[in-house]
């Protein structure tokens, strides 16, 4: 945005833009206001290749409206997260949508070719964590990362984890997803030599407190290189993993 | 106590005891009231070989008073837990006391020979968990178990855990002690084939919440055969481990 | 697993196995990957007589798939926990299933004869705790323990507890199950002379906080020999009780 | 106060009081403002025989100042709670004070003769709960109740509780004081046939969370007739017990 | 129960009962075991005039079964709490039941004439607290107390509370029921000169946390003579109020 | 009310009112008791131009009943909050009702002309916060304030906030509404020079804990001039904003 | 700041400022960086008459350093909050400081004459809340408000509150400060017709949880017009009260 | 470790190592057991350039002992975190130690030249967050990253943040450190286009709950690319930032 201010200032200085226009431009350009939402249009330049619509709490109509604005403004790929199957069906009637039911993600536009530094490994402790894992995996893929999946490798069956040491040790970034006691992040964090993004899931019962147990466990990991995102936040983990996988000076 | 009631009833029936005396006997026999405490005297028969004084919140004088009653009633070995060094010095002036500073435990009387089914393994995640571990280990020893110590084998350095597979797989009962994320219980629980008593410790900072993170993690362990005692409750774990190690039909 | 590594090493040394094959074997042998799950096949040798499928969050089809692999690999008895009646009906159409509705447990294969050290006593504070109790009881039975049931003996009617002193004092392991204030574990722990596994239940309302009150109460039990499993975790208690009941050197 | 309004209204009607005076009287009469406190003077008529000063967070000088106003206005007995030994010494230099160190209570004026309906029984689970119990006991005594003490009868040694069934069953009100798992309230509540005021104490460690475990346990008591006051609130329990012990139509 | 033991002992001594029979009697007499419940039969003598069935989590059939046992054993009045309308309809087909929909309470047998010391006042902060209030009121009535209702007198409209000073100041026991900030207990506790039983309700939203806000507020009441029962526990408050209203030496 | 007492006193003094009548008047005047509610009638004089019915937990019939009393007593405008669409339809059949579905608010009577000191700005972090915002906005309008809406200006797109600096800096009061991390309040509080009322919303998932995260964030705002109302309490914020906007000496 | 950007743009357009200088100006002007702090210099224009230094966690030397910068830049009055007596003594040796020990506030420069719309009333529930009240009161005074103090008017002695109805009903803004159950805010909110800023204090013990009980109580106040600041945040309340007291279009 | 197993297997196959030696080697090689700790020796190869000693809860003697082992095994640079000044003085007497008091970090050996992909930006919300920031900054430097510091740029003074847009937008990784409401992470996350590691600090009071408020705020950040480490965990953030800054395929 700084660059934006600078270029506007230069336009004012050169006389090609009036002060009033400049002030207006600063205010109005970066998004389009469609009532129920202010749609970012320049985020693509600032934050990544695909634009994202957080679908939770939005009607299919609102999603379509935001999609319209984005596509109209030249956005190639749009990711819609937390979208149910019914909403997906309605959106499909207007936009070409590739819907991933497990992950609750829809994609408009084509998936990019992976161009990251290395692989993003997505690991889960159990079978029930797979929906969160798919949200993470597809997000990272849609943003340009190659993804390796490693599901149901919880620490109570340590041999299953150890059997995949190759994948663990050759990843550039790892997303460790687990509910219950969330120990997977620490075990993988101790084995791996790359950043581990821990995702606590709400899988469990009783004193798992809908993911709080796993969350605390992961925040207190004794392994270095582990950081944590919100409970069930597969999207956040996938976004961050891809960002790390494209790090630049 | 049932047996007690039965034998009293039989004495009443045989005429060797009056009803009033019987009722009195039921009320007065099993403990001696010394004002600040009601000292159990028959617990030895009921609950184990050594009697225990929970030292926290008791003055050295109170501890000595309770010791007096116990010893007078023929209790061979008495364990005093959560006793500071100063209190130990005062008690030492009256009773022969073997004080273990790390564990905060004093022992009056001789240690029994181990007569349990197998070994009790006491494992810790880190160095800071050692005081809790020693409380557990000495308790189990004082009650008649052979104890194997395995300290600083936290899951972030998994090879250290794996290097001791022999000890882990040959124990009869394991006490897994860890703070922070408490993942040790799950990892050991997944490797071992015996009961694992998990002890969360208050070691850690921030979101470890004085042991709550480890406690929740252990309660949610995905490994079978794991149960949990209170935060920092080394004594409880040692007592239970020894009890399991002496299980009988 | 250590033994596994050792025998593989010996096979390599004797020339009967190549290094590449050995590495492959270590990685692939102990489980079969069927996509949505990595099914442990050697657990029987490591952790007990019956194999367990945690049914919560698995579709009947997934349960059947895992059953297929287990049975194919020679597993005699399989316990499926947390399985609803509808799922049970579907599984029944493929495998011979003995379904216990109260407990939410299905059993494929025959129940073993009890061969434990003694009896496992399962006690509940109230009527509402019975489903959790049945989960514990049937689990222990399916794994080889004789089980005695003692339901609705909550501490507010202490005479009901005392009336069963015989059963309490002659058990080898006790599972004490209660919601609300969870005092049952302490009262039984004070009477009994064997390990007590406390199971808090989510029975109650208001400040019981779905089992938290009972959980805290049990963790803070002033009775020795008490340990705790997760809220409503009847399976875990039954598994552990049976393990203690088969303790070996 | 209603009566007060009524009598003021009557005075106004009879002409013996002006409207302005009446309004003034309503505002100014019931307390004396000494800057740091507004001392209630008519509470004696409204709420009980002795007046109480909550000593916590008050300087000895402030306590003396409030005492001066109370005594000057004819208050015979004044209870000062939560007062340390040093403060008591300073107050003693001005007022005749009977200080109970264990309870942290000082009494100015003479203790009343007990004139309640029956006895108030004060029971504790352990030795460490005694200070809270003494706060309760002395408060009830100072307000006019006969008190029976029953200390260290925790539920882990149930025979100790049962040995005192006579006292429990003959009390008019019972104060049950316990930390840790707080099961005492339920056990006594199940045995007794009178109101039980449960006082959770902050005695314990780890997951007792400074009395929260006992508090929740007591709030969820399955015994009828149990109500709860704040953690460590011996005064509140003693005050209420005495009030119940003097109930009137 | 003490008396029970004593009379059994006397029977043994007199030869009218054998030891074995005595032991049997202690165990079997005080309740009847009907599988899903152990029905107390002597509670009437011990704890009050009407017997109570806690209906939550019991099927209509179970309720009918327990009712059968109670009525067969001569229990005149039975209160069934937390019973929905459908269950009530089924019970009605077997037993004559007076069902109070608001309170969720059914009564079998006739209501006793009030014979308490004075009146029980039941006050609520708002309209939404009425169901809890009715549970309390009808319970107290069914157990023998005269009840005065005072609904919707929350502290934000203080004049409404003050308008009823007469009722507040002439009650023998007050039940103060409120959700949200629960200030009603303190305000009434400050005005009244009798025990106040505070009942927090789960009425509210957001940071009321389903009654936790009101619960904490009431536990911390600065008014003396206030004690607290569980969130929404109208029954407990009514039971205790009636007990206080019948206090005896 | 003070004035009320004074004028009643004067009437008594002048002989135009008897003491009994005066006491009665104090008790009965300010509200009308219609069984399920005590309807305030003089609140209009005391607290604002429109009267409010909190609709949550009231049946349409109860709402209509309260409306009847209010309208009969001359209340021009009545706001009904937290009313669902179905209830609104029923109320509409009796009273002329302007229903705002988004806000869940119905208005009987005409909206007042804005007469506040300045504008009330209502800002939200996201689209999902709009219902709470509308509740706030319509409340403030119904009570006499001009409202400016500024939706979806969350801090992750700071340029959207900055683009509206004019509105932010020219408001008299700002209502900042946000879920998730609730940072909007701090950012706006740092930019604005007027009171900011922060409303945490329950929008979010996982560790947002139904609004607790936003609530804590807002309570800890490092910006001065920020205060907080309950989670999702749009009405409270609108009411307070309007009150501030009409502040008087 | 918007105005700032606009004027800079105009300077650029008019040629009186280069683009580079403009960009530099936007970045560097509003604060002075003294290493450990970035001191705002233009806040006076934006946010109020006096500048504030939050003293907690700052050394006396750092406070002096920031004071130096502020005074050098023409700031007349500076408030230093949360400053201990020792720090105040050191600051006094360099700057003329008026230190209020109770409030922990120091003032450099002269107090402004009150120029607000009306009075700010500061009320406390008890004596222990006075330090927080003084922090609020002196802050409001230093920023230009007339303050009326009303201490120790807690709801358990309601007549004390009612005796001051005049002050309560004639205030423009009220700050209600209370610990324990925090009911003061609701009672005053119900009586007053102006904004009430509620300040929970950490006064209390046990289940007051260091102010959480009062905080929740205040957030759930059933009185309209009440908002809440952080626990013990007297400064924040005083600042906001003064801001409301100077509201402008 | 997989490679380790493979090379050992090859050695066994080639006959250069016996099976018993191989098993021994797997167990004993990777660490040295010095009683109170098991010192990792090969971590350097696995996890980074410098080895780290977590100083909290270790005596200076233990730190020296571990240092001895590490240095003896060829470790060039060792970082000791959470070490007080006194401990540092003792360690200095044996090893050449560069002690950073603010950060509580000591470094033995020389600092490496930065060789990361880009810059690590360390930003704090306030002055009190600086110790945590220094822990992060020095850790990242000691592990090979160039670090840019940006302190006291909290969101309440947004212009201070915006003034540093250049640094924010040109970083490769950002560490955002804040207490209180923790909004800094979201604001920076919204502006930056690189991974943001959020560190909540325990700075604050009241409802900040020792960092919980900031922690929740950061976990719920609406900005993408943000992950969180434990409260006050500057080391963890610095370690991870450096790891990301050295990402490789």
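Residue numbers (my numbering), protein chains in the order written: chain A, 1 to 249; chain B, 250 to 498; chain C, 499 to 747; chain D, 748 to 996; chain E, 997 to 1245; chain F, 1246 to 1494; chain G, 1495 to 1743; chain H, 1744 to 1992. In this text, a Cβ means the ideal position worked out from N, Cα and C, and glycines have one as well. It should be emphasised that the depicted structure is a prediction, and the values quoted were computed from it without experimental measurement.
Contact under 7 Å by Cβ, residue 1915/H with residue 1985/H: Counting from 1 along the eighth chain, the entry for residue 1915/H is found at position 172. Counting from 1 along the eighth chain, the entry for residue 1985/H is found at position 242. Cβ distance not < 7 Å, so residue 1915/H and residue 1985/H don't count as in contact.
Residue 427/B versus 479/B, 411/B and 396/B, residue with shortest Cα-Cα distance: In the second chain, the residue the question calls residue 427/B occupies position 178. Looking at the Cα atoms, 479/B is the closest of the given residues.
Proximity below 7 Å, CB of residue 944/D to CB of residue 987/D: Numbered from its first residue, the fourth chain carries residue 944/D at position 197. Numbered from its first residue, the fourth chain carries residue 987/D at position 240. Taking 7 Å as the cut-off, the Cβ atoms of residue 944/D and residue 987/D count as close.
Cβ-Cβ distance between residue 882/D and residue 958/D below 7 Å: By one-based count along the fourth chain, residue 882/D stands at place 135. By one-based count along the fourth chain, residue 958/D stands at place 211. The Cβ atoms of residue 882/D and residue 958/D do not sit closer than 7 Å to each other.
Contact set for residue 1731/G: own chain, Cβ-Cβ below 7 Å, skip 5 residues either direction: Numbered from its first residue, the seventh chain carries residue 1731/G at position 237. Around residue 1731/G: 1630, 1669, 1691, 1693 and 1723.
Burial state of residue 1853/H, where buried means 16 or more other Cβ atoms lie within 10 Å: Along the eighth chain, one-based indexing puts residue 1853/H at 110. Answer is exposed; the Cβ neighbour count stays below 16.
Element boundaries [alpha helix (DSSP H), containing residue 1902/H]: As a position in the eighth chain, residue 1902/H is number 159, starting the count at 1. 1901–1905 is the extent of the alpha helix (DSSP H) around residue 1902/H.
Amino acids of chain B, ordered along the chain, whose beta-carbon sits closer than 9 Å to that of residue 1958/H: Here residue 1958/H is taken as the residue at index 215 of the eighth chain, counted from 1. Within chain B, the residues 455 and 456 have their CB atoms less than 9 Å from the CB of residue 1958/H, given in chain order.
Segments assigned alpha helix (DSSP H), at least 4 residues, entirely inside the region 1576–1614 of chain G: DSSP runs (the alpha helix (DSSP H)) wholly in the region 1576–1614 of chain G: 1579–1586.
Residues from the region 673–696 of chain C in contact with chain B, defined by Cβ distance under 8 Å: Answer set for the region 673–696 of chain C: 689, 691, 692, 693 and 695.
Chain-ordered neighbours of residue 1406/F on chain A, where CB pairs are closer than 7 Å: Position 161 of the sixth chain holds residue 1406/F. Chain A residues near residue 1406/F: none, gap ~10 Å exceeds 7 Å.
Residue-chain proximity (residue 1469/F, chain G), Cβ-Cβ < 7 Å: Taking the sixth chain and counting its residues from 1, one reaches residue 1469/F at position 224. Among the residues facing chain G, residue 1469/F is included, as its CB has a counterpart in that chain under 7 Å away.
Inter-stretch contact (C-beta, 8 Å, three-pair minimum) for the region 387–407 of chain B and the region 364–375 of chain B: The region 387–407 of chain B vs the region 364–375 of chain B: in contact.
Within chain B, partners of residue 1985/H - CB distance below 7 Å: Indexing the eighth chain from 1 puts residue 1985/H at position 242. Within 7 Å of the CB of residue 1985/H, no CB atom of chain B is found; the nearest one sits about 17 Å away.
Residue span of the beta strand (DSSP E) that contains residue 227/A, given as start and end: The residue given as residue 227/A occupies position 227 in the first chain. Note, residue 227/A: beta strand (DSSP E), 226–228.
Proximal chain H residues relative to residue 1725/G, where beta-carbon distance stays under 8 Å: For the purposes of this step, residue 1725/G is taken as the residue at position 231 of the seventh chain. Simply 1948, 1949 and 1950.
Any C-beta of chain B under 7 Å from that of residue 1779/H: On the eighth chain, residue 1779/H is found 36 positions in, with the first residue counted as 1. Yes, because at least one Cβ of chain B sits closer than 7 Å to the Cβ of residue 1779/H.
Residue interval of the alpha helix (DSSP H) (run including residue 1565/G): Along the seventh chain, one-based indexing puts residue 1565/G at 71. Under the DSSP assignment, residue 1565/G falls in the alpha helix (DSSP H) whose first and last residues are 1554–1566.
Continuous alpha helix (DSSP H) assignments of at least 4 residues falling wholly in the region 1676–1725 of chain G: Listed in chain order, they are 1678–1685 and 1706–1713.
Identity of the residues DSSP links to residue 786/D by a beta bridge: As a working note, residue 786/D is residue 39 in the fourth chain. Its beta-bridge partners are 779/D.
DSSP-derived helix/strand/coil call for residue 1164/E: Counting from 1 along the fifth chain, the entry for residue 1164/E is found at position 168. Secondary structure of residue 1164/E (DSSP, three-state): helix.
Residues sharing a beta bridge with residue 395/B, DSSP: For the purposes of this step, residue 395/B is taken as the residue at position 146 of the second chain. Checking the DSSP bridge columns, you'll see residue 395/B partnered with 368/B.
Nearest neighbour of residue 1454/F, chosen from 1951/H, 1959/H and 1933/H [CA to CA]: Position 209 of the sixth chain, counted from the start, is the residue given in the question as residue 1454/F. When each option's Cα is compared against that of residue 1454/F, the closest is 1959/H.
Beta-carbon proximity of residue 382/B to residue 356/B, cut-off 7 Å: Looking up residue 382/B in the second chain gives position 133. Looking up residue 356/B in the second chain gives position 107. Cβ atoms of residue 382/B and residue 356/B: not closer than 7 Å.
Beta-carbon spacing of residue 1435/F, residue 1908/H below 7 Å: To locate residue 1435/F, count along the sixth chain from 1; it is residue 190. To locate residue 1908/H, count along the eighth chain from 1; it is residue 165. Contact flag unset, no.
Between the CA atoms of residue 850/D and residue 951/D - distance to the nearest angstrom: In the fourth chain, the residue the question calls residue 951/D occupies position 204. In the fourth chain, the residue the question calls residue 850/D occupies position 103. Distance between the alpha carbons of residue 951/D and residue 850/D is about 19 Å.
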